[in-house]
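Numbering (my numbering), first residue to last: 579 to 723. Written below as structure tokens is the structure these notes are about.
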Ligand code: RB5
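Structure below.
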């Protein structure tokens with residue numbers, strides 16, 4: 579299950595993402611927002627982060643105007659590794675190296691054509707599982723240096 583969240587700045591692009599997921603038959607839960615009316619992106623970042631923390635969803639997609647505020651918020655949550663990607667190379671690399679569980683994008687930054695390629699790449703690329711990457715991910719969560 580994929581958790582989806584966006585603010586007004588990401589609403590239009592999220593509708594395109596949902597069409598793609600529907601076409602691919604991929605299950606998702608939409609945590610809002612549900613219109614282009616102005617709202618606060620932390621609400622949706624936290625809903626998506628909590629759905630992943632609880633195990634209800636395996637991963638998520640967050641979209642605000644820039645992708646910045648919504649990704650900063652998500653990354654304050656334990657166990658959330660949110661990658662702000664506006665290119666396909668980064669979307670692939672963050673899955674391989676960081677085992678990112680949330681993709682963030684800016685609806686005012688990328689067009690739908692590129693964004694959907696980024697989504698497809700993020701969702702289809704597995705974590706490499708390599709020891710050095712596992713070690714570095716463990717270091718992210720650790721209090722030690
Ligand atoms: C909303 O105007 C905008 O600030 C928000 O979508 C996002 O870009 C924040 O980082």
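Don't be surprised by glycine CBs; every beta carbon is placed ideally from N, CA and C. The model shown is predicted, which means the values in this text are computed figures rather than measured ones.
For residue i, the three-state DSSP class (helix, strand or coil)
i           : result
residue 605 : coil
residue 637 : strand
residue 587 : coil
residue 661 : strand
residue 689 : coil
residue 645 : coil
Whole-angstrom C-beta distance between residue j and residue i, which should lie under 8 Å
i           : j           : result
residue 585 : residue 622 : 6 Å
residue 661 : residue 682 : 7 Å
residue 645 : residue 684 : 4 Å
residue 706 : residue 674 : 5 Å
heavy atom of the ligand RB5 below 6 Å from residue i C-beta
i           : result
residue 647 : yes
residue 619 : yes
residue 585 : yes
residue 643 : yes
Identified DSSP bridge partners for residue i
i           : result
residue 582 : 608, 639
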